[in-house]
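Enquirer: Okay, here's the structure, questions in a sec.
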Amino acid sequence: MDELKYGTKNKRGDFTPNDRLEGAPVFIWPPRPLKFLSWLPSYFLPWNVLFFAMGAVLWFYATPSKETLAALHWQWMAYILGRNALIVFVLYGALEMRLYKQRAQGNRFKFNGLFPADRKSDVFMFGSQNIDNIIRSFGTGVPIWTAYEIVMLHLWAIGWGPWATFADHPWALVILGLLVPVIHETHFFCIHWLIHQGPLYKWVHSVHHNSVNPSPWSSLSMHPVEHLLYWSDVLIHLILPSHPLLVMYHLQVTGTGAVVGHIGFDKIETGKDSAFGTHAYAHYLHHKYFEVNYSDGLMPFDRWFGTWHDGTKDGDALMQARFEKKKARLNAKAENTPN
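Just so it is clear: in the sequence shown, position 34 is 34 by UniProt numbering, and no numbers are missing.
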């Protein structure tokens, strides 16, 4: 495909989309119903439909029976761990293999024209971003994901929590299912902003930000404390009436869905003249600039707090103005601090 129909490329080979990033037209005033309706399919396609389908398949065909889940035996817990590891290995690995190992489309549509494997860095274990990311993903990421899943399934099996059935509460569960991505992004913004502060950034979140040029294996490459915070959004199902199917969907949005923002490409080519958009640009800008786009635009928090970057030169100017104000505040504080 001719990427220059959809964006521009600088001398380093970095791709920038033509279209300005826009947040979801949900929390806007005055309401714009036609724009909302035109946006609505993108709420479901392609990712959320895929994650719901994966959650449904796992729940109906790849999760032990209620009787088995009621007793904490290592056999079924190890099975869940292996199953989740396989999901990450296959999905993340397939994207990494096609886009970064085989380089099937070169660096067409790649936000950062360089490939992580082409440059070693001492911030990573063994000097390799991929090796470091894989060790962290499978060393603590997938096990902590699995621990949350085991706890939720076990509590459902023993009847601890406000669990409901689709037969008794169909509309409540459908509405909760529709809101799962909203709940996830709201939670993500809150914990993401938190771990950008002071010591939490230095000792915890900086591990993830070592991958300035992220690839799929960067998605779950985090400090264990961040893993614990990241998956804690699933605990909402112990507060609101829910069903294990929605838990499985939520875990796919949070776990498998982490790859969306770390693909590193604006589009994935599916043929000579066809491709689909990844929705990865907002989070790529966060990795590039650190203090913008704490969420991906579904919820308006970045717009409300002035940290939204829309990928344009205007976005650069707003970001720079904010940095200058922050610098001035820090300098004024330093001047007023007694020696």
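Even for Gly, the Cβ is constructed at its ideal location relative to N, Cα and C.
With distances taken from CA atoms, which of Q105, F111, K101, I134 is nearest D118?
Expert: Selected option, being the one with the closest Cα: K101.
Enquirer: Closer than 8 Å is the cut-off here; do at least three beta carbon pairs connect the region 230-248 with the region 137-152?
Expert: Because the criterion of three Cβ pairs below 8 Å is met, the region 230-248 and the region 137-152 touch.
Enquirer: Going by C-alpha distance, which of F265, N48, E22 is nearest T312?
Expert: With distances taken between Cα atoms, T312 lies closest to E22.
Enquirer: Restricting to Cα atoms, I'd like to know which of H283, F290, H154 is closest to L298.
Expert: Nearest of H283, F290, H154 to L298, Cα basis: H283.
Enquirer: Does A328 pass the burial test, meaning 16 or more other C-beta atoms within 10 Å, or should it be called exposed?
Expert: Under this definition A328 is an exposed residue.
Enquirer: Would you mind sorting Y249 into buried or exposed? The rule is 16 or more other CB atoms within 10 Å of its CB.
Expert: The residue is buried, with at least 16 neighbouring Cβ atoms inside 10 Å.
Enquirer: Rounded to the nearest angstrom, what separates M319 and K35 at their Cα positions?
Expert: In a straight line, the C-alpha of M319 is about 27 Å away from that of K35.
Enquirer: Report the residue ranges of all beta strand (DSSP E) runs contained in full by the region 269-296; include only those spanning at least 3 residues, in chain order.
Expert: Correct list: 274-277.
Enquirer: Please identify the residue among K333, W29, I183, F323 whose C-alpha is closest to the C-alpha of I239.
Expert: Cα-wise, what sits closest to I239 is I183.
Enquirer: Classify W29: buried if its beta carbon has 16 or more other beta carbons within 10 angstroms, exposed otherwise.
Expert: So W29 counts as exposed.
Enquirer: Indicate the three-state DSSP secondary structure (helix, strand or coil) for G7 in the structure shown.
Expert: In the structure shown, G7 sits in a strand (DSSP, three-state: E or B).
Enquirer: Could you spell out where the alpha helix (DSSP H) holding T186 opens and where it closes?
Expert: 170-194 is the span of the alpha helix (DSSP H), which, as asked, contains T186.
Enquirer: Can you tell me where the beta strand (DSSP E) holding T63 begins and where it ends?
Expert: Looking at the DSSP string, T63 is not in any beta strand (DSSP E), and its letter there is neither H nor E.
Enquirer: Whole alpha helix (DSSP H) runs in the region 2-47 with 4 or more residues, listed along the chain?
Expert: Runs found: 33-44.
Enquirer: Closer than 8 Å by C-beta to H237: which residues in its own chain qualify, once you throw out the five before and the five after it? Chain order, please.
Expert: Excluding sequence neighbours, H237 sits near M152, G161, L246, V247, H250.
Enquirer: Whole angstroms is fine: what's the gap from L45's alpha carbon to F276's?
Expert: Their backbone Cα atoms lie some 10 Å apart in a straight line.
Enquirer: Give the single residue among N133, K66, S211, W76 whose Cα lies nearest to the Cα of F89.
Expert: Nearest C-alpha to F89: N133.
Enquirer: With H, G and I counted as helix, E and B as strand and the rest as coil, what does DSSP make of K120?
Expert: Note: K120 maps to coil in three-state DSSP.
Enquirer: Judging by CA-CA distance, which residue of A157, K110, Q129 is the nearest neighbour of L69?
Expert: Among A157, K110, Q129, the Cα nearest to that of L69 belongs to A157.
Enquirer: Assign V57 to one of two classes, buried (16 or more other C-beta atoms within 10 Å of its C-beta) or exposed (fewer than that).
Expert: It is exposed - the Cβ of V57 has fewer than 16 other Cβ atoms within 10 Å.
Enquirer: In the structure shown, what three-state DSSP assignment does S128 receive?
Expert: In this structure, S128 counts as coil in the three-state DSSP scheme.
Enquirer: Using the C-alpha atoms, what's the distance from E67 back to N293?
Expert: So the two alpha carbons sit approximately 44 Å from each other.
Enquirer: Could you tell me the distance, in whole angstroms, from the CA atom of S221 to the CA atom of E335?
Expert: Computed Cα separation, rounded: 39 Å.
Enquirer: What are the partner residues of F265, as DSSP defines its beta bridges?
Expert: K110, per the DSSP bridge assignment.
Enquirer: Whole-angstrom Cβ separation of V253 and V180, contact assumed at under 8 Å?
Expert: The pair is a contact, with the Cβ atoms about 6 Å apart (cut-off 8 Å).
Enquirer: Would you kindly work out how many angstroms separate the C-alpha atoms of T140 and P244, rounded to a whole number?
Expert: Roughly 23 Å between the two C-alpha positions.
Enquirer: Determine the direct distance from the alpha carbon of V212 to that of A124, and round the result to whole angstroms.
Expert: The question names Ala, but residue 124 is Phe in the sequence shown. Going by the C-alpha atoms only, they are around 12 Å apart.
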